[in-house]
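Each residue of the sequence shown is one higher than the one before, starting from 1 at the first, in UniProt numbering.
Below is one structure, written out as C-alpha coordinates; comments come after it.
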Amino acid sequence: MNGDMLGTLLPIVAMFAIMWFLLIRPAQKRQKQTKSMQESLKRGDKVITIGGIHGTIDAVDDSSVFLKVAEGMTMQFDRQAVGRVVDTSAI
(Lines of atoms letter the chains of each structure in order from A and count residues from 1; the text may use other names and numbers.)
(Lines give C-alpha, C1' and ligand atoms only; values in the text may rest on other atoms or scores of the structure.)
Protein backbone atom coordinates (compact mmCIF):
# COMPACT_ATOMS: atom_id res chain seq x y z
CA MET A 1 0.00 0.00 0.00
CA ASN A 2 2.85 2.39 0.80
CA GLY A 3 4.52 1.68 -2.56
CA ASP A 4 1.25 2.33 -4.40
CA MET A 5 0.90 5.74 -2.76
CA LEU A 6 4.47 6.64 -3.71
CA GLY A 7 3.82 5.47 -7.26
CA THR A 8 0.80 7.77 -7.53
CA LEU A 9 2.44 10.80 -5.95
CA LEU A 10 5.69 10.59 -7.89
CA PRO A 11 4.24 11.75 -11.26
CA ILE A 12 2.43 14.65 -9.54
CA VAL A 13 5.62 15.75 -7.79
CA ALA A 14 7.56 15.39 -11.04
CA MET A 15 4.98 17.53 -12.92
CA PHE A 16 5.18 20.21 -10.23
CA ALA A 17 8.99 20.25 -10.47
CA ILE A 18 8.85 20.56 -14.27
CA MET A 19 6.29 23.39 -14.03
CA TRP A 20 8.52 25.14 -11.48
CA PHE A 21 11.61 25.06 -13.69
CA LEU A 22 9.81 25.87 -16.95
CA LEU A 23 7.25 28.48 -15.88
CA ILE A 24 7.47 29.83 -12.35
CA ARG A 25 11.24 30.23 -11.94
CA PRO A 26 11.82 32.15 -15.22
CA ALA A 27 8.85 34.43 -14.47
CA GLN A 28 10.26 35.26 -11.04
CA LYS A 29 13.66 35.95 -12.60
CA ARG A 30 12.09 38.36 -15.13
CA GLN A 31 10.19 40.11 -12.33
CA LYS A 32 13.41 40.63 -10.35
CA GLN A 33 15.21 41.99 -13.43
CA THR A 34 12.36 44.39 -14.21
CA LYS A 35 12.18 45.62 -10.62
CA SER A 36 15.94 46.13 -10.55
CA MET A 37 15.82 48.08 -13.82
CA GLN A 38 12.97 50.28 -12.55
CA GLU A 39 14.80 51.01 -9.29
CA SER A 40 18.01 52.01 -11.11
CA LEU A 41 16.43 54.54 -13.49
CA LYS A 42 18.31 57.82 -13.67
CA ARG A 43 18.17 61.14 -15.45
CA GLY A 44 19.21 60.92 -19.09
CA ASP A 45 18.17 57.27 -19.63
CA LYS A 46 16.26 56.69 -22.84
CA VAL A 47 13.26 54.49 -22.09
CA ILE A 48 10.11 53.02 -23.60
CA THR A 49 7.00 52.79 -21.45
CA ILE A 50 4.75 49.74 -21.42
CA GLY A 51 2.34 51.85 -23.48
CA GLY A 52 4.97 52.38 -26.18
CA ILE A 53 5.88 56.00 -25.46
CA HIS A 54 9.55 56.80 -26.13
CA GLY A 55 11.27 59.43 -24.05
CA THR A 56 14.26 60.54 -22.03
CA ILE A 57 14.08 60.65 -18.25
CA ASP A 58 14.17 64.28 -17.13
CA ALA A 59 13.67 63.68 -13.38
CA VAL A 60 13.07 60.81 -10.97
CA ASP A 61 11.38 60.75 -7.56
CA ASP A 62 10.37 57.96 -5.19
CA SER A 63 7.42 56.62 -7.17
CA SER A 64 7.49 58.32 -10.56
CA VAL A 65 9.61 59.37 -13.47
CA PHE A 66 9.25 62.46 -15.65
CA LEU A 67 9.84 61.75 -19.33
CA LYS A 68 10.74 64.38 -21.88
CA VAL A 69 8.85 63.12 -24.92
CA ALA A 70 9.21 66.20 -27.12
CA GLU A 71 10.80 69.63 -26.92
CA GLY A 72 9.04 71.43 -24.07
CA MET A 73 6.78 68.46 -23.25
CA THR A 74 7.34 66.42 -20.10
CA MET A 75 5.02 63.66 -18.90
CA GLN A 76 4.86 62.00 -15.49
CA PHE A 77 4.67 58.17 -15.23
CA ASP A 78 4.81 55.66 -12.41
CA ARG A 79 8.12 53.82 -12.30
CA GLN A 80 6.25 50.58 -13.05
CA ALA A 81 5.13 52.06 -16.38
CA VAL A 82 8.70 51.97 -17.71
CA GLY A 83 8.99 48.84 -19.82
CA ARG A 84 12.66 48.98 -20.78
CA VAL A 85 15.71 51.14 -21.05
CA VAL A 86 16.92 51.62 -24.63
CA ASP A 87 20.61 50.96 -25.14
CA THR A 88 21.62 53.70 -27.57
CA SER A 89 25.17 52.37 -27.88
CA ALA A 90 23.87 49.28 -29.68
CA ILE A 91 22.27 51.33 -32.47
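Where is the CB? At the ideal position from N, CA and C, for every residue including glycine.
As the structure is a computational prediction, the values presented were derived from the model and not from experiment.
| query | result |
| --- | --- |
| In three-state terms, what does DSSP make of arginine 84? | strand |
| From threonine 49 to valine 69, what does the alpha carbon distance come to, in whole angstroms? | 11 Å |
| Where do the ends of the alpha helix (DSSP H) carrying lysine 42 lie? | From DSSP, lysine 42 is part of no alpha helix (DSSP H); its letter is neither H nor E. |
| Less than 8 Å between the beta carbons of aspartate 58 and valine 85, yes or no? | no |
| Glutamine 38 and valine 82: beta carbons closer than 8 Å? | yes |
| Just mark valine 13 as buried or exposed, buried being the case when its beta carbon has 16 or more other beta carbons within 10 Å. | exposed |
| Please classify glycine 52: does DSSP put it in a helix, a strand, or coil? | coil |
| Tell me which same chain residues have a C-beta within less than 7 Å of the C-beta of glutamine 80, skipping the five on either side of it? | Gln38 |
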